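Worksheet for the structure shown next.
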Amino acid sequence: MPMSKTSNYLSSYGGHFCDVDNCIIRTFLKLHTFGKRFYTCRYSSPDDDRACKFFKWLDTSICCARGTTTRPIVIAKFKRLEHAVKVANKELKQAHVLTNAALERERVAKRKAEKTKAARMKSEEKAKKLTIALIVP
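Going by the UniProt record's numbering, the first residue of the sequence shown is number 1, and it counts up by one from there.
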């Protein structure tokens, strides 16, 4: 298959030259491109901005009967998982709200306990002074 010059990519990552002959074929497993194959550099890394970015579609549509038949199953599962994530995130938010409310109640209780302790110590000190005043006329 002859390649045009626009299908080539000179990478600054390792200084190598990418074209279809030097690449590997991968298959998309994402929702709307599930089953489509593409060329990518064997040195590519989605997490590294400096890595080779060569990319070219091999298929213009879903390539095989298996991809066509499994796509609805994958989409249904993906939607179920998306829903589960939304429910989990909602429950997590509720848990954060309840945790924050409990922490605030705990802070209020601690402040109240400290004030009560200070008032008790003050009362004990006052009682001690009154006892001394009664004993020593």
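No residue lacks a Cβ here, since even glycine has one placed at the ideal position from N, Cα and C. Given the structure is predicted, the values throughout are model-derived calculations rather than measurements.
So, does the CB of residue i fall closer than 8 Å to a CB anywhere in chain B?
{"i": "Q94", "result": "The structure shown contains no chain B; it is built from a single protein chain."}
Suppose you measure from the CA of residue i to the CA of residue j; what does that come to, to the nearest Å?
{"i": "K129", "j": "H96", "result": "49 Å"}
{"i": "M121", "j": "A101", "result": "30 Å"}
{"i": "residue 193", "j": "K112", "result": "No answer is possible for residue 193: it lies beyond the span of the chain, which begins at 1 and ends at 137."}
{"i": "T33", "j": "V87", "result": "26 Å"}
{"i": "I132", "j": "T99", "result": "49 Å"}
{"i": "K90", "j": "D47", "result": "29 Å"}
{"i": "L92", "j": "K79", "result": "20 Å"}
{"i": "T70", "j": "A84", "result": "21 Å"}
{"i": "A109", "j": "C52", "result": "58 Å"}
{"i": "S4", "j": "K77", "result": "Note on S4: pLDDT 39, under 50, position unreliable in the model; the coordinate value appears next. The alpha-carbon atoms of S4 and K77 are separated by roughly 39 Å."}
{"i": "F54", "j": "Q94", "result": "44 Å"}
{"i": "L81", "j": "K115", "result": "51 Å"}
{"i": "A118", "j": "A127", "result": "14 Å"}
{"i": "I75", "j": "C18", "result": "33 Å"}
{"i": "residue 148", "j": "L103", "result": "No answer is possible for residue 148: it lies beyond the span of the chain, which begins at 1 and ends at 137."}
Leaving out the 5 sequence neighbours to the left and right, which residues in its chain are closer than 6 Å to residue i when beta-carbon positions are compared?
{"i": "I24", "result": "R42"}
{"i": "R37", "result": "I25, T27, L58, D59 and C63"}
{"i": "E124", "result": "none"}
Excluding five sequence neighbours on each side, which residues of the same chain lie with their C-beta closer than 8 Å to the C-beta of residue i?
{"i": "A136", "result": "Residue identity check: residue 136 is Val in the sequence provided, not Ala. Closer than 8 Å at the Cβ level, and outside the excluded window around V136, lies no residue."}
Taking the alpha carbon of residue i as the reference point, which residue from the options has its own alpha carbon closest?
{"i": "N22", "options": "S44, F34 and K93", "result": "S44"}
{"i": "K56", "options": "T69, D48 and T40", "result": "T40"}
{"i": "K30", "options": "F54, I73 and D48", "result": "I73"}
Go through its chain and collect everything with a Cβ distance to residue i's Cβ below 7 Å, but skip five positions before and after it.
{"i": "L134", "result": "none"}
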